[in-house]
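Report on the structure given below.
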Amino acid sequence: IKTAAGDATLYIVIPLLLVIYLALLKFSARYPELEVDDPYNPVLELPETGPTVKVGLYFLLPIVVLMWCLTVERLSPSLSAFWATLLMVFIVITHRPIQALFRHNRDLKEALQHGLMDFFEGMIAGARNMIGIGVATAAAGIIVGTITLTGIGQVMIEFVEFISGGNLMLVLIFTALICIILGMGLPTTANYIVVSSLMAPVVVALGAA
């Protein structure tokens, strides 16, 4: 699309994305809305996979936008995540009232209120989750700074290269084991920062050798 449309790509992609979103919502409206899980009651029966996936297909659109921004528009990861998040906010607020419209439900005001409540609850949950991630990322930053100042990264390169015998596949397996071990106590973001700081120079050095 970008090759054929050039600078007008944005004016084609946005309406196309909106049409796909409405089509997926109309398709999902054929199925009954999923019941909200009660956290105080045990889950006795799992919902059927097929209808569950079909009802929520439109939630994949932010991932499509993220991949488009990264691979086609070549935007920065932070800006790509911003546009994907913006689309997710739009979906969270609007999907309930639009589905109610397709299901010929007259209570559109209540559906819109539910959408707004989902948005505010998501903002609150996101803020709470970021507390742990922020602390863990800050701690990982201290580890990265220590590695840089002490030169332990070079020692790690020599140590891993000695154990693996210069075999890149063994280095990748060793890196995967470190990820699993650190992942038992660190969040995903902090785990990525620590392991990439320790092992990325090793993999690059062996790959270039």
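Mind the numbering: the sequence shown is residues -8 to 200 in my numbering, read in order.
Yeah, the Cβ is synthetic: ideal placement off N, Cα and C, and Gly gets one too.
Please read all numbers here as calculations on a predicted model, not as lab measurements.
Look at the Cβ atom of residue i, then the Cβ atom of residue j, and state whether they are nearer than 9 Å.
i: V83; j: I148; result: no
i: L177; j: A116; result: no
i: G157; j: L189; result: no
i: A181; j: I124; result: yes
i: M79; j: F111; result: no
i: R87; j: A75; result: no
i: G106; j: T85; result: yes
Since residue i and residue j are thought to touch, with beta carbons under 8 Å apart, how far apart are those beta carbons, to the nearest angstrom?
i: Y22; j: V46; result: 5 Å
i: L48; j: L15; result: 5 Å
i: S155; j: V146; result: Not really, about 15 Å apart at Cβ, beyond 8 Å.
Go ahead and pull the three-state DSSP assignment for residue i.
i: V193; result: helix
i: L16; result: helix
i: N158; result: coil
i: Y22; result: coil
i: P207; result: Residue 207 lies beyond the stretch modelled for the chain, which goes from -8 to 200, so this question has no answer here.
i: H177; result: One point to set straight first is that residue 177 is Leu, not His, in the sequence displayed. Here L177 sits in coil by DSSP.
i: G142; result: coil
i: V185; result: helix
i: V126; result: helix
i: V63; result: coil
Contact between the region 85 to 94 and the region 69 to 76 (3+ Cβ pairs under 8 Å): no
Cβ contact check for the region 182 to 198 and the region 130 to 147: 3 or more pairs under 8 Å: yes
contact_flag[the region 7 to 23, the region 52 to 62] where n(CB pairs < 8 Å) is 3 or more: yes
Ordered list of alpha helix (DSSP H) runs contained in the region 32 to 56, each at least 4 residues: 40 to 46
Secondary structure, beta strand (DSSP E): runs of 3+ residues fully inside the region 65 to 123: none
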